[in-house]
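Numbering follows the numbering used here, with no gaps: position 238 of the sequence shown is 239.
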Amino acid sequence: MMKRLPVVVAALALSVVTVPAQDLPPRRIISFIPAVTEMLFALGAGDRVVAVGSFDRYPQEIEKLPRVGALLDPDLERIISLEPDLVTVYGSQTDLRTQLERAKVPLFLYSHADLSDVTKTILDLGARIGRNERARELTAGIERSLANVRQRVAGQARPRTLIVFGRESGALRGIYASGGYGFIHDMVTAAGGDNVFADLKQQAVQATTELVIARRPDVILELRAESLNAEQLSRELAAWKPLASVPAVRNNRVHVIADLRTVVPGPRVAEGADVIARVLHGQK
Numbered sequence: 002m003m004k005r006l007p008v009v010v011a012a013l014a015l016s017v018v019t020v021p022a023q024d025l026p027p028r029r030i031i032s033f034i035p036a037v038t039e040m041l042f043a044l045g046a047g048d049r050v051v052a053v054g055s056f057d058r059y060p061q062e063i064e065k066l067p068r069v070g071a072l073l074d075p076d077l078e079r080i081i082s083l084e085p086d087l088v089t090v091y092g093s094q095t096d097l098r099t100q101l102e103r104a105k106v107p108l109f110l111y112s113h114a115d116l117s118d119v120t121k122t123i124l125d126l127g128a129r130i131g132r133n134e135r136a137r138e139l140t141a142g143i144e145r146s147l148a149n150v151r152q153r154v155a156g157q158a159r160p161r162t163l164i165v166f167g168r169e170s171g172a173l174r175g176i177y178a179s180g181g182y183g184f185i186h187d188m189v190t191a192a193g194g195d196n197v198f199a200d201l202k203q204q205a206v207q208a209t210t211e212l213v214i215a216r217r218p219d220v221i222l223e224l225r226a227e228s229l230n231a232e233q234l235s236r237e238l239a240a241w242k243p244l245a246s247v248p249a250v251r252n253n254r255v256h257v258i259a260d261l262r263t264v265v266p267g268p269r270v271a272e273g274a275d276v277i278a279r280v281l282h283g284q285k
């Protein structure tokens, strides 16, 4: 699987469950989760973050922080050595959770589903770290921005859209696409596109080329975390040329969007939806 895929898979990994709040807001926070790391900084608690996960990329301030592994390879020894009073972990990290609970380290347990869970997570996280007012302001701004995107595309044609978030580099093997459930599906819907896999109520679909041909997308969007140079972009677009019978390929409507805002379910999701809308509808 290609290098960028873990970033997106981590974003899709799994409603939010929080461990009961302590009397005092946490001051030393470790976050394994790119979306939650962005939320902490957006909530004004970036100065409390003492370490982040391997796949965190934003904001720039995290580059100076220690890395403590990720979903599949958490570094427990380093985590404990940093003496955190809150660690944000995926709900699926059962072994890590057990070990941290034994060490009496407070946890914020995270799992993600659809777009509405982004604002719910922000509100829950804000309550946990003592930033309720800022959390309400932040979520209200996200909702307003999403409403603006929906209003801007209202009444326009809705292209049938294949949303790819992972495949083998330079080839149409190992294609992973958004199904009809999850924040990526919701973002594209808000942006004025109709997901060709909307009928499959799951976050990810492993799509063969035969399935892509059968679904006949008008637009293919490839969402990536890392940017490409001109040569790489040309190679990745050329990989679709054998599927000339697909309307999106025939009409040169295959687009690579290399933008973290479109693949991380954090506080910038409305910006991500806006980026997608502009690509889908040819807006500047």
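Quick reminder that beta carbons are idealized off the backbone N, C-alpha and C, glycines included.
Look at threonine 99 here: in three-state DSSP terms it is helix.
In the DSSP annotation of this structure, the continuous segment of the beta strand (DSSP E) that includes alanine 178 starts and ends at 176 to 179. Isoleucine 214 and serine 246 do touch by the CB rule: their CB atoms are close to 6 Å apart, below 8 Å.
Residue pairing from DSSP places alanine 52 in a beta bridge opposite Ile31. Annotated as distal: valine 264 and leucine 234, with beta-carbon spacing of 8 Å or more.
Annotation for arginine 236: Gly171 place their beta carbon closer than 7 Å to its own, counting only its chain and skipping 5 residues before and after. Residue pairing by DSSP places arginine 225 opposite Ala259 in a beta bridge. For glycine 45, the closest of Ile277, Leu139, Pro218, Ile80 by C-alpha to C-alpha distance is Leu139. Apart from the 5 residues on each side of it in sequence, alanine 192 sits with its Cβ closer than 7 Å to the Cβ of Val150, Val154, Ala274, Ile277, Ala278, Leu281 in its chain, given in chain order. With at least 16 other beta carbons inside 10 angstroms of its own, proline 27 counts as buried. Apart from the 5 residues on each side of it in sequence, glutamine 203 sits with its Cβ closer than 7 Å to the Cβ of Gly180, Tyr182 in its chain, given in chain order. In the three-state reduction of the DSSP assignment, aspartate 200 falls in the coil class.
The C-beta distance from leucine 97 to proline 67 rounds to 16 Å, too long to fall under 8 Å, and the pair is not in contact. In chain order, Leu77 place their CB closer than 7 Å to the CB of glutamine 100, counting only its own chain and leaving out the 5 sequence neighbours on each side. Looking only at Leu238, Ile185, Thr210, the smallest Cα-Cα distance to valine 119 is reached by Ile185.
By the 16-neighbour rule on beta-carbons within 10 angstroms, proline 268 is buried. Glycine 156 and serine 112 have their alpha carbons spaced roughly 34 Å apart. Assignment of aspartate 195 by DSSP, reduced to helix, strand and coil, places it in the strand class.
The stretch 129 to 175 is shown to contain whole beta strand (DSSP E) runs of 3 or more residues at 161 to 167, in chain order. The beta carbons of phenylalanine 33 and valine 90 sit closer together than 8 Å.
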